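**Q**
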Amino acid sequence: MKLFVFACKNITNIWAGVGARRWAVSHVDSANMAGRATRAKLIKPGHCGVIYCSHPNYKSLTTPFIFKSTPDIQGVENEVWPEEWRMPFSIAPLGSPRLHWKAREAVSSLPFNKSSGNHNIATVLKPIGTAVFSPIEVGDEDWAMILERLAEI
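With our numbering applied, the sequence shown covers 1010 to 1162.
1) Shortest alpha-carbon distance to Val1014 belongs to which of Asn1127, Val1147, Tyr1061?
2) Taking the continuous beta strand (DSSP E) assigned at Thr1021, which residues delimit it?
3) Helix, strand or coil: how does DSSP classify Val1089 here?
4) Going along the chain, which unbroken runs of the beta strand (DSSP E) with 3 or more residues stay wholly within the stretch 1120–1159?
5) If I measure Cβ to Cβ from Trp1090 and keep anything under 6 angstroms in the same chain, skipping five residues before and after, which residues do I get?
6) To which residues of the same chain is Ala1046 closer than 6 angstroms at the C-beta, ignoring the five residues directly before and after it?
7) Taking only the alpha-carbon atoms, compute the straight-line gap between Ile1137 and Ser1035 and give it to the nearest angstrom.
8) Looking only at DSSP bridge pairs, what is Ile1060 linked to?
9) Apart from the five residues just before and just after Val1027, which ones in its own chain have a Cβ nearer than 7 angstroms to its Cβ?
10) Let me check understanding here. Comparing Cα to Cα, which of Arg1158, Ala1016, Ala1043, Lys1050 lies closest to Leu1108?
11) Hey, would you say Val1116 sits closer than 8 angstroms to Val1141, going by beta carbons?
12) Counting only beta-carbon atoms, is Ile1060 nearer than 8 angstroms to chain B?
13) Please report how far the alpha carbon of Asn1041 lies from the alpha carbon of Gly1055, in whole angstroms.
14) Among Lys1111, Thr1139, Ile1145, Ile1100, which residue has its Cα nearest to the Cα of Asn1122?
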């Protein structure tokens, strides 16, 4: 299955997005935004995602969710967070930012990556930069493990 991982360095912004049942991505240069738009068009309602808190005090996975809408490629979200975010979409959170799973532990434990020896969060989870809206392929066992650690349903 495809799993989309989105990074956010601000836990307050994660709480706001989860509470509003919305997510979006930061604005970057036009070439990278065009690449993001191309990848975002492949997302369908029902796809799965998880938020990665990149703040140095956390560096954890938190809040799995289900996409409720496709990203609005031209959209700007300026009501949820203090700054503007791009390509917003609706989510159905399956948990809250109360629960965290240290990312280094997660990439070492999840079956899809366990035997690879790769513990680099950016290359394994693809949460940032040019990889935004790039899914990782995980198995049902991986998703079940994420839900077991982070879901509140």
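Here a beta-carbon is modelled for each residue, glycine too, at the ideal position from N, C-alpha and C. In this text the structure is predicted, and so the values were computed from the model without any measurement.
**A** Taking the structure as given:
1) Tyr1061
2) Here Thr1021 belongs to no beta strand (DSSP E); instead the alpha helix (DSSP H) covers 1020–1029.
3) coil
4) none
5) Asn1022, Ala1025
6) Ile1082
7) 10 angstroms
8) Phe1015, Thr1071
9) Thr1072, Pro1102, Ser1105, Pro1106
10) Arg1158
11) no
12) The question asks about chain B, but that chain is absent: this structure has only one protein chain.
13) 25 angstroms
14) Ile1145
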